[in-house]
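Working notes for the structure below.
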């Protein structure tokens, strides 16, 4: 893992840069804009890993996704800034670069800061996890997002002032501009026209997804993080096929009575449990305990006759056998299965899989003997590599639930504070909640497990997906001064809808690069986050727009000269 992690990062980052550069150029139609935006994400990535090195945090497997995340997320700020700049230059062909930069910062600094803060909050919520690699991932990704925000608001305007306005390679005819706006208007009209159908379809999809969520299972199998043809997987397979197994589950039996494990009744129950578990579960390759020692000694002491391969009925005889073994010269082997007071015993089960389902099956079978041991005054506890993996998955699930709840609460509060309206906080979070439900539903229906990588899904979806909502609500707020709901939606779609679409395309392209990862969970995450972004993008431009439209929420702003100009343009569009 220590070798494959950095190697995987070296493989993915160049691919990410190439994909992002291509998509950015196709989106922005400007070489200068593409270079400046890439510089922003380059610096944010360097700063994030520089901070990791400064505080001496190692690169874990999940850490290999940090540069991919920052590159995919960081370009969003640049896209929204340049999208606004493009529209301003289009409407004011003779503008100076100073006026264009002033207008861009005046209108876009607030949504850029808001989206960066909400994105960072989504990642910071991962601090609720008890798994340290996931905590570190959240901290340094959030730091990188905030660094990207600062560089976006400083480097891009500085670059425009130094190198001039970007020469957008786009058609500049007025008829083409009107056609572009008309397309956005047509989309807005269709969304509003079919709003009830959209709501009904969403309810059906969410209901099906909720059923799928019940099928989600947890798995943190170490081996499933590697390719099936890798050396470690093939070696593990060979050992499991020809020997007892590579994973262990240790059952620790504890009694308050000294010499409890010299009692024939206790030892026979241990032997019975081993035979039951070994016989009923194919995943259990072998088991070993104090009972096996005594059965072997009893058999040897009776001329190696098979009928004596049992636990003696006499406790004194058992004590004599154990005393002989202790005096044999190497009693250390004995202390691996029992302590010197004979009141604690260790039963080792060798497992042929570290899969959580297999370990749970073994625990369930062992658990059927819990009451029998309890009646003898013995308690049960677990240890071993397999059990540690299971505890790890439980921590992941617990952290996932807490992280999801915390993220949603913080996002709702932040949106309510930013827009000074609690209802806006709720409306803005609806697409994210729908996205989270659908994504986990897809995991359930397609049998994709929740593991240390896919556990990041909800926080990532919330952190990135809320960007769409913030930009659209901010533009809706600006356009609402016209007092016409239909026209407000149309103009909002023409401005923010286009930028959100570009943002979604770039983010999805960035996350799809994870499909080239050597870690299967990373590939699953790449697919799921890309799906999340698509659902969030569609949900923002449909469900959230419908909710804003139906809620009759209008933002009461003072009519500034800028607002008056917007209002005049809106009414002019209405007359057209």
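In this note's numbering, the protein residues as written are 12 to 587.
Backbone N, C-alpha and C fix where the C-beta goes; we use that ideal spot for every residue, glycine too.
Pairing residue 31 with residue 540 gives a Cβ-Cβ distance that is not under 8 Å. Comparing C-alpha distances from residue 485 to each of 564, 66, 177 shows the shortest one belongs to 564. The three-state secondary structure of residue 178, taken from DSSP, is coil. The Cβ-Cβ distance between residue 261 and residue 393 falls below 8 Å. No beta strand (DSSP E) of 3 residues or more sits fully in the stretch 431-465. For residue 354, the secondary structure class from DSSP, reduced to helix, strand or coil, is coil.
In the three-state reduction of the DSSP assignment, residue 265 falls in the strand class. For residue 112, the closest alpha carbon among the candidates 159, 156, 168, 86 is that of 168. In the displayed model, residue 259 falls within a strand according to three-state DSSP. Closest in alpha carbon position to residue 301, among 272, 328, 293, 129, is 272. The beta carbon of residue 519 is closer than 7 Å to those of 541, 544, 545 in its chain, skipping five residues each way along the sequence.
Between residue 400 and residue 292, the C-beta spacing is not below 8 Å. Residue pairing of residue 362 in beta bridges, as defined by DSSP: 258, 295. Straight-line measurement puts the Cα of residue 380 at about 16 Å from the Cα of residue 298.
Under the DSSP definition of a beta bridge, residue 377 lacks any partner. Distance from the Cα of residue 495 is smallest, within the candidate group 561, 447, 439, 450, for 561. Taking all protein chains in view, the Cβ of residue 103 is surrounded by fewer than 16 other Cβ atoms within 10 Å, so the residue is classified as exposed. In the DSSP assignment, the residues bridged to residue 349 are 356.
A direct Cα-Cα distance of roughly 18 Å separates residue 442 from residue 429.
With contacts defined as CB atoms closer than 8 Å, residue 554 and residue 209 qualify as a contacting pair.
In the DSSP secondary-structure assignment, residue 391 is bridged to 264.
Residue 246 counts as exposed, since fewer than 16 other C-beta atoms from the protein chains shown sit within 10 angstroms of its C-beta. Of all alpha-carbon atoms in 505, 467, 470, the one lying nearest the alpha-carbon of residue 482 is that of 505.
Comparing alpha carbon positions, the residue from 337, 395, 362, 176 closest to residue 351 is 337. Per DSSP, residue 508 is not a residue of any alpha helix (DSSP H), being assigned neither H nor E.
Contact between residue 177 and residue 43 holds: their C-beta atoms lie close to 5 Å from each other, under 8 Å. Residue range 206-224 is occupied by the alpha helix (DSSP H) that includes residue 207. In the structure shown, residue 68 falls within a coil segment according to DSSP collapsed to helix, strand and coil. Between the stretch 208-228 and the stretch 443-452 there are three or more C-beta pairs closer than 8 Å, enough to call the two in contact. In the DSSP assignment, residue 250 falls within the alpha helix (DSSP H) that extends over 242-253.
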